[in-house]
Structures are given as C-alpha cells and as structure tokens.
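Take a look at the structure below.
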Amino acid sequence: MKNLILFFGEEKLLIDEAIANLKNKTIPQGLQAINFISFDGKNAKEEDILDACDTVPMMSEKKIVVVYDASFFKNEGKMSSERQKWFLDRLKRVPAHTYLIFTTSQVDKRSKIFKFFQANGVAYEYKPLLQKDKAFWIQKRAKLYNKSIDLRTAYFIAEYTTDLYQADNELKKIASFVGERVKIEHNDLDEIFSKSLEGNIFEMMDYIGSKRPAEAIKSLNYLMERGEKGAVILYMISKHIMNLLTVKSMKGIEREMIQKKTGMHPFVLKKAISQAENFSVGELEKALKLCQEIDIAIKTGKIDEKIGIELLAAKTAI
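Residue numbers (my numbering): 317 to 634.
Put into structure tokens, the structure is as follows:
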C-alpha cells in the first residue's frame, strides 16, 4: 500500500476500523503507543505533522501518523497557493517507514490536494450503505457479539439508525439486553426502542382520538425534532393501533385476563383500554391500513417520511 492515504466519507466507523486494521497489521501490539501518532486536523500545524512523519519508528519497521478531520480538504482556500505548493512538495518526501493518513467527512474533489492524493497516494471513500447492505452488515456485526439476528430484524435496526456507529451501539445494547441468549428476536427491539417513545405515542393517540389533528402533528414533530426515526415512529403507531384493536376485541373480559393473554404492562393496558373507547373498530382498522400504505409509500420513495407520518396523524384524527 502507498504510504499517503486519504479516508473520506460519512461512515466514520468504517474509517476508524480501516485505521485500526492497518495499525494492528503494521505495528506490534506493545509498540503502538509510541509508533501511532494522531492529530486533530482542525488545529494541527502542517510542520508538526510532517515532523512526526520524519521521526524514525522505535523498534518497529513502520509507524502511523493520523490527522483526523483534516480541514484543508474542505477549505483549500484558507491555504495560500505558495503554502499549498510547499505542503504538497513535502508530502512527496514523507519517508517510506511512515503511513500518513488523513480523514475527513467531505472533500472538494476539484481541489489540488485531493487530486494529489489520487495521483500519489490512496483516496478511498466510505459512503453510507444502502439499507439492504446496512442490514447485511448488522447481521454480520451481530456475530462479533456472539449473537445471531434474522434479516427482518436487522432491517428494522438499519431503518432506526442513522449511521453504522449508531447501529453498532444499538446492537451492543440489544446484545446486553438478551444476555446469554444467542438469537436476537424482533420482540427484543420492542423492549429497547419502545420505552422512550411509548409515552409520546400515547399522547399523540390521545390527540388523534379526541379529533385534534393539529396537536397530534405537533406531538409528532416534537419526536422527529428530537431525532426519532420516522420508520420507528410509524412502527410504534402501527403496534399501538394493533394493541387498541386487541383490547377493543376483548371488551367485557377482565383486565387481568387481558393482561395475561396480551402480555401488556398493566399501566400500558390501562391506558389502552381507556384510549380504545375513543375509536370504533372501523376507525382503527382504517388507521392500520393507512399505516401499511404509508410505510410502502415511504420505502418506495413515493412520499417523504415526515410528510407521510404527518398525513397519517391528520387523516386518522379527522
């Protein structure tokens, strides 16, 4: 591999793992502390970076110098043309014993420095994965934590999370939650993902049930502004409507028996019984069908996620 490397893109986890793999392959474990040097690219001076490269590695054939979030790939204009020429000339003389790695989320592909790395080093982009590939990645990643996960469940985690770092963190939480059990089930996600959302979903359904679409949409927007994924909100609304339908179909049966058959938490069941009174079976069935239609429309790109869920709240509350 060439010793001038640029890793760029939005998937920071893949970049960090590529650096870790190179470090473990080239520097003995006990010598990594002295032969792996990192800089914050927002503040680092070019002279300090190059000086670190020139220093001979200690008791190792190779050393690695990493400049994280190197700003000059995005802001080339801040470096004068004379300074840039000097820097690029010096990069050509980085000794063979040093891997010099720059990372950044974005690059200007028209810039001289990017073209320099294309010509003289390695420039590799880590783009966000497609949902399908992200789900396969999650399936494979689960094995790292001695767990297995089916593709449907992996797809849900992929939709719920924004990048691979968040997906990995959620996977760690789920693996810890299931304990010694090897297989992660879709129901496990309910326990992990629903706790923070459940109260807000109840509130929104209260507004829908009392025919107050403006308040329902406001409650929905609050969830999305807080960073909740639309796919998860839609899933939770569908699940909640199913609970209301179940409770409504068991009207006249004692609460303890309903709780035993459904497995709902007593507090959730109490709220669901009360809330189910605001809807007819027909209204709930219509709302559930609408959930499915909007889910398909969002996944096929026919409607924006936020608009689709707002439409669901508005139509169900009318």
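Glycine residues also receive a C-beta, built at the ideal position from the N, C-alpha and C atoms.
Straight-line Cα distance separating residue j from residue i
{"i": "D611", "j": "L487", "result": "24 Å"}
{"i": "A530", "j": "E609", "result": "22 Å"}
{"i": "M520", "j": "L606", "result": "16 Å"}
{"i": "N594", "j": "G579", "result": "22 Å"}
{"i": "D257", "j": "L505", "result": "Any property of residue 257 remains undetermined from this structure, which presents the chain solely from 317 to 634."}
{"i": "L416", "j": "L320", "result": "5 Å"}
{"i": "D466", "j": "Q455", "result": "7 Å"}
{"i": "V548", "j": "K339", "result": "38 Å"}
{"i": "I614", "j": "S376", "result": "53 Å"}
{"i": "L550", "j": "A334", "result": "35 Å"}
{"i": "E601", "j": "F433", "result": "58 Å"}
{"i": "L322", "j": "N503", "result": "41 Å"}
{"i": "T616", "j": "I473", "result": "18 Å"}
{"i": "S565", "j": "K555", "result": "15 Å"}
{"i": "N359", "j": "K450", "result": "33 Å"}
{"i": "A412", "j": "S387", "result": "25 Å"}
{"i": "R497", "j": "A470", "result": "17 Å"}
{"i": "I569", "j": "I619", "result": "41 Å"}
{"i": "K401", "j": "A630", "result": "59 Å"}
{"i": "Y523", "j": "L329", "result": "40 Å"}
{"i": "R571", "j": "E326", "result": "50 Å"}
{"i": "G437", "j": "Q345", "result": "26 Å"}
{"i": "N337", "j": "I500", "result": "28 Å"}
{"i": "L347", "j": "P373", "result": "9 Å"}
{"i": "A435", "j": "K408", "result": "11 Å"}
{"i": "D370", "j": "K428", "result": "23 Å"}
{"i": "A349", "j": "I517", "result": "49 Å"}
{"i": "S535", "j": "V597", "result": "24 Å"}
{"i": "R468", "j": "R399", "result": "53 Å"}
{"i": "R406", "j": "I553", "result": "58 Å"}
{"i": "F403", "j": "E544", "result": "44 Å"}
{"i": "T342", "j": "F430", "result": "25 Å"}
{"i": "S464", "j": "E362", "result": "46 Å"}
{"i": "V494", "j": "K318", "result": "44 Å"}
{"i": "K567", "j": "D385", "result": "59 Å"}
{"i": "I557", "j": "E599", "result": "10 Å"}
{"i": "R426", "j": "V410", "result": "24 Å"}
{"i": "K527", "j": "K577", "result": "30 Å"}
{"i": "A603", "j": "M395", "result": "58 Å"}
{"i": "G563", "j": "M573", "result": "Residue 563 is actually Val in this sequence, not Gly. The alpha-carbon atoms of V563 and M573 are separated by roughly 11 Å."}
{"i": "T414", "j": "G357", "result": "18 Å"}
Integer-rounded CB distance, given that residue j should sit under 8 Å from residue i
{"i": "Q575", "j": "L560", "result": "Q575 to L560, Cβ: 15 Å. No contact."}
{"i": "F389", "j": "F452", "result": "Not a contact, Cβ separation roughly 30 Å."}
{"i": "A633", "j": "A491", "result": "Actually they are not in contact, since the Cβ atoms of A633 and A491 sit about 39 Å apart, beyond 8 Å."}
{"i": "K448", "j": "G546", "result": "That belief does not hold up - the Cβ atoms of K448 and G546 are roughly 19 Å apart, past 8 Å."}
Opposing strand residues paired with residue i [DSSP bridges]
{"i": "T578", "result": "Bridge partners of T578: none, in fact."}
{"i": "T562", "result": "Answer by DSSP bridge pairing: none, since T562 is not bridged."}
{"i": "V383", "result": "F355 and F418"}
{"i": "E501", "result": "The partner list for E501 (beta bridge, DSSP) is empty, contrary to what the question assumes."}
{"i": "Y440", "result": "F323"}
{"i": "I465", "result": "I500"}
Opening and closing residue of the beta strand (DSSP E) in which residue i lies
{"i": "F352", "result": "F352 to D356"}
{"i": "F433", "result": "It is not in any beta strand (DSSP E) - F433 instead sits in the alpha helix (DSSP H) that spans K428 to N436."}
{"i": "G642", "result": "Because the chain spans 317 through 634 in this model, residue 642 falls outside it and cannot be assessed."}
Beta carbon proximity, residue i to chain D, threshold 8 Å
{"i": "K605", "result": "Structure shown: chain D not included; a single protein chain is present."}
For residue i, the first and last residue of its enclosing alpha helix (DSSP H)
{"i": "E362", "result": "E362 to D370"}
{"i": "I623", "result": "E621 to A633"}
{"i": "E599", "result": "V597 to K615"}
{"i": "S535", "result": "P529 to E541"}
{"i": "S397", "result": "S397 to L407"}
{"i": "N340", "result": "K328 to T342"}
{"i": "E486", "result": "L480 to V494"}
{"i": "A412", "result": "Here A412 belongs to no alpha helix (DSSP H), and DSSP marks it neither H nor E."}
{"i": "I424", "result": "Per the sequence shown, residue 424 should be read as Asp rather than Ile. Unbroken run through D424: none, as it is neither H nor E."}
{"i": "K450", "result": "Q447 to A458"}
TODO: Would you check if there are 3 or more beta carbon pairs closer than 8 Å linking the region 476 to 495 to the region 438 to 450?
DONE: yes
Open item on the list: If contact is defined by three or more beta carbon pairs under 8 Å, each pair taking one atom from either stretch, is the region 406 to 422 in contact with the region 447 to 460?
Closed with: In short, these stretches do not touch, since the Cβ pair count stays below three.
Open item on the list: Tell me whether the region 358 to 366 and the region 379 to 387 touch, counting them as touching only if at least three CB pairs, one residue from each stretch, are closer than 8 Å.
Closed with: yes
Open item on the list: Any contact between the region 530 to 539 and the region 588 to 595? By contact I mean 3 or more CB pairs, one from each, below 8 Å.
Closed with: no
TODO: Say whether the region 348 to 362 touches the region 425 to 441, bearing in mind that this needs 3 or more beta-carbon pairs closer than 8 Å, one atom from each stretch.
DONE: no
- [ ] Would you check if there are 3 or more beta carbon pairs closer than 8 Å linking the region 619 to 634 to the region 486 to 502?
- [x] no
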